[in-house]
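Student: Going by the working numbering, the sequence shown opens with residue 3, and the numbers climb by one from there. Positions of the beta carbon are idealized from the N, C-alpha and C atoms, including for glycine. Dumping the structure here so I can ask a few things about it.
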Amino acid sequence: MARQLRFIIVPKVAHPWFDEVNKGAKAQAKILSRELGVQIVIDYMPPSIADAVEQNTILEKIATGQPSGIAVDPVDAVGHMTAIKRIRDQGIPVVLFDSPSPDANITSIGNNFSQQGVIAAERLVNLIKHTGKVAVMQGYPTAPNHKERYEAQVAVLRKYPDITVVDGGTDNDDIQTARRQAMAVLESHPDLSGYLCCDASGPIGIASAIKEAGRIGKIKVVSMDGIKPILDAIKEGIIESSSATIPTMQGSMSVLMLWQASLGVQTPQTIDTGIDVITQENVNTFLARAI
Numbered sequence: 003m004a005r006q007l008r009f010i011i012v013p014k015v016a017h018p019w020f021d022e023v024n025k026g027a028k029a030q031a032k033i034l035s036r037e038l039g040v041q042i043v044i045d046y047m048p049p050s051i052a053d054a055v056e057q058n059t060i061l062e063k064i065a066t067g068q069p070s071g072i073a074v075d076p077v078d079a080v081g082h083m084t085a086i087k088r089i090r091d092q093g094i095p096v097v098l099f100d101s102p103s104p105d106a107n108i109t110s111i112g113n114n115f116s117q118q119g120v121i122a123a124e125r126l127v128n129l130i131k132h133t134g135k136v137a138v139m140q141g142y143p144t145a146p147n148h149k150e151r152y153e154a155q156v157a158v159l160r161k162y163p164d165i166t167v168v169d170g171g172t173d174n175d176d177i178q179t180a181r182r183q184a185m186a187v188l189e190s191h192p193d194l195s196g197y198l199c200c201d202a203s204g205p206i207g208i209a210s211a212i213k214e215a216g217r218i219g220k221i222k223v224v225s226m227d228g229i230k231p232i233l234d235a236i237k238e239g240i241i242e243s244s245s246a247t248i249p250t251m252q253g254s255m256s257v258l259m260l261w262q263a264s265l266g267v268q269t270p271q272t273i274d275t276g277i278d279v280i281t282q283e284n285v286n287t288f289l290a291r292a293i
């Protein structure tokens, strides 16, 4: 066995949610290094913006260094990410995190993204008593997980004839873009009843816009994910609740699967890391973990 393994984590973009993935990856690497007597190094290489060209460029550059494995959260369908195919053709193990797997030959670590969207949308529908105007903010539209969440949420909302769905903007996984988009939506729809989103940037931006507009409590927000700014907004009552992924576990399991793949062990197509439903009743528990 090699005395050192180097695994690369490539998220969609530099973002606090992906920092949690990196924490989980480093924690797993520390455990494996200790137990196996092998130095496992984690390199975290986030693109500056969520962009398929930039992510492909980073992946191509990484491949020239022949790492032991790469975990990537693609900003586009894997079939469109040309660098991923070339990396796998070189024999470098690749796993996906926070993204569905296109086939049995590549492992995906994450949760059921459609289910996550349904949980959020159904919760919001009940909060607004099945009637009113609801905005849905898209994330990075080509990202498979964001797309699945968005389509699932809209499908739920359209079951209710007294709910009107409006364009909630597109944040492209950027917090400031989410805030600007949400401000425009709030101005255009003074009678807005609820807000949904598809990533961890949307809720932070939406919460900031609602607070700035003085509409806390007037608009029900059910968000995605559970990083600290989202937890703080739930605690403050700006966001009612969140259907949340578990990023540290995704990072941890990514490293575990890359280690297995580096040994030539067949890995499963899907590892489901679960969904947390975070509310004002249990948010303190999650805040305690976030410190």
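Whose C-alpha, out of Ala184, Leu61, Met47 and Ser256, is nearest the C-alpha of Ser110?
Tutor: The residue labelled residue 110 in the question sits at position 108 within the sequence shown. Nearest of Ala184, Leu61, Met47 and Ser256 to Ser110, Cα basis: Ser256.
Student: Give me the residue from Lys213, Arg8 and Gln140 with the minimum Cα distance to Asp176.
Tutor: Taking the first residue of the sequence shown as 1, we reach residue 176 at position 174. The shortest Cα separation from Asp176 among Lys213, Arg8 and Gln140 belongs to Gln140.
Student: Write down the C-beta distance between Ala186 and Ile208 rounded to the nearest angstrom, noting that I regard them as a contact closer than 8 Å.
Tutor: Taking the sequence shown and counting its residues from 1, the one referred to as residue 186 is at position 184. Taking the sequence shown and counting its residues from 1, the one referred to as residue 208 is at position 206. About 12 Å separates the two Cβ atoms, so there is no contact after all.
Student: What residue ranges within the stretch 50 to 123 form continuous alpha helix (DSSP H) runs of no fewer than 4 residues, ordered along the chain?
Tutor: 54 to 66 and 84 to 91
Student: Taking just the CA atoms, how far does Gly239 sit from Asn79?
Tutor: Position 77 of the sequence shown, counted from the start, is the residue given in the question as residue 79. Position 237 of the sequence shown, counted from the start, is the residue given in the question as residue 239. Sequence inspection shows Ala at residue 79; the Asn mentioned does not correspond to that position. Cα-Cα distance, rounded: 36 Å.
Student: List in chain order: all unbroken alpha helix (DSSP H) runs of 4+ residues lying wholly within the stretch 200 to 259.
Tutor: 204 to 215 and 230 to 238
Student: Could you tell me which of Asn58, Thr133, Val120 and Asp173 sits nearest to Ala154, measuring between CA atoms?
Tutor: Working through the sequence shown from its first residue, we reach residue 154 at position 152. Nearest of Asn58, Thr133, Val120 and Asp173 to Ala154, Cα basis: Val120.
Student: Check whether the Cβ atoms of Ile86 and Leu61 sit closer than 9 Å, and answer yes or no.
Tutor: Counting from one through the sequence shown, the residue named residue 86 turns up at place 84. Counting from one through the sequence shown, the residue named residue 61 turns up at place 59. Yes, the Cβ-Cβ distance between Ile86 and Leu61 is below 9 Å.
Student: Does the beta-carbon distance from Pro205 to Pro146 come in below 9 Å?
Tutor: As a first step, residue 205 is located in the sequence shown; it is residue number 203 there, counting from the start. As a first step, residue 146 is located in the sequence shown; it is residue number 144 there, counting from the start. No, the Cβ-Cβ distance between Pro205 and Pro146 is not below 9 Å.
Student: Short check: CB of Val12 to CB of Ile94, under 9 Å?
Tutor: Here residue 12 refers to the residue found at position 10 when the sequence shown is read from its first residue. Here residue 94 refers to the residue found at position 92 when the sequence shown is read from its first residue. Result no, Cβ atoms of Val12 and Ile94 do not sit closer than 9 Å.
Student: Is DSSP giving Gly141 helix, strand or coil here?
Tutor: The residue labelled residue 141 in the question sits at position 139 within the sequence shown. Three-state DSSP puts Gly141 in coil, outside helix and strand.
Student: I'd like to check one pair, Met226 with Ala292: are the Cβ atoms closer than 9 Å?
Tutor: The residue you call residue 292 lines up with position 290 of the sequence shown. The residue you call residue 226 lines up with position 224 of the sequence shown. Going by C-beta atoms, Ala292 is not nearer than 9 Å to Met226.
Student: Between Arg151 and Ser203, what straight-line distance do the alpha-carbon atoms span, to the nearest angstrom?
Tutor: If you number the sequence shown from 1, residue 151 lands on position 149. If you number the sequence shown from 1, residue 203 lands on position 201. One C-alpha to the other measures close to 14 Å.
Student: In the DSSP assignment, find the alpha helix (DSSP H) that holds Gln271 and state where it starts and stops.
Tutor: Here the question's residue 271 lines up with position 269 in the sequence shown. No alpha helix (DSSP H) contains Gln271, which DSSP labels as neither H nor E.
Student: Can you tell me where the beta strand (DSSP E) holding Asn12 begins and where it ends?
Tutor: Your numbering for residue 12 matches position 10 in the sequence shown. Position check: residue 12 holds Val in this sequence, whereas Asn was assumed. Here the beta strand (DSSP E) through Val12 covers Gln6 to Val12.
Student: Is the stretch 248 to 267 in contact with the stretch 30 to 48, if contact means three or more CB pairs nearer than 8 Å?
Tutor: yes
Student: So who's on the other strand from Tyr46, going by DSSP bridges?
Tutor: As a position in the sequence shown, residue 46 is number 44, starting the count at 1. Looking at the DSSP output, Tyr46 sits in a beta bridge with Ile11.
Student: According to DSSP, what are the bridge partners of Asp173?
Tutor: Here the question's residue 173 lines up with position 171 in the sequence shown. DSSP output for Asp173 lists no bridge partner at all.
Student: Is DSSP giving Gln30 helix, strand or coil here?
Tutor: Residue 30 sits at position 28 when you count from the first residue of the sequence shown. Of the three classes helix, strand and coil, the one that applies to Gln30 here is helix, per DSSP.
Student: Along the beta strand (DSSP E) that carries Tyr162, what are the first and last residues, could you check?
Tutor: Here the question's residue 162 lines up with position 160 in the sequence shown. From DSSP, Tyr162 is part of no beta strand (DSSP E); its letter is neither H nor E.
Student: Tell me which residues share the same chain as His191 and place their Cβ nearer than 8 Å to its Cβ, disregarding the 5 neighbours each side in the sequence.
Tutor: As a position in the sequence shown, residue 191 is number 189, starting the count at 1. Answer for His191: Lys135, Ala137 and Val168, listed in chain order.
Student: With a threshold of 16 other CB atoms inside 10 Å of the CB of Ala211, please say whether the residue is buried or exposed.
Tutor: Counted from its first residue, the sequence shown places residue 211 at position 209. Result: buried.
Student: Pop quiz: Tyr197 and Gly219 are said to be a contact at Cβ under 8 Å. What is the actual Cβ separation, rounded to whole angstroms?
Tutor: Stepping through the sequence shown from its first residue, residue 197 is reached at position 195. Stepping through the sequence shown from its first residue, residue 219 is reached at position 217. The beta carbons of Tyr197 and Gly219 sit about 13 Å from each other, so the pair does not count as a contact at 8 Å.
Student: Is it the case that the stretch 227 to 236 contacts the stretch 280 to 289, given that we only count it when at least three CB pairs across the two stretches are under 8 Å?
Tutor: Touching, yes.
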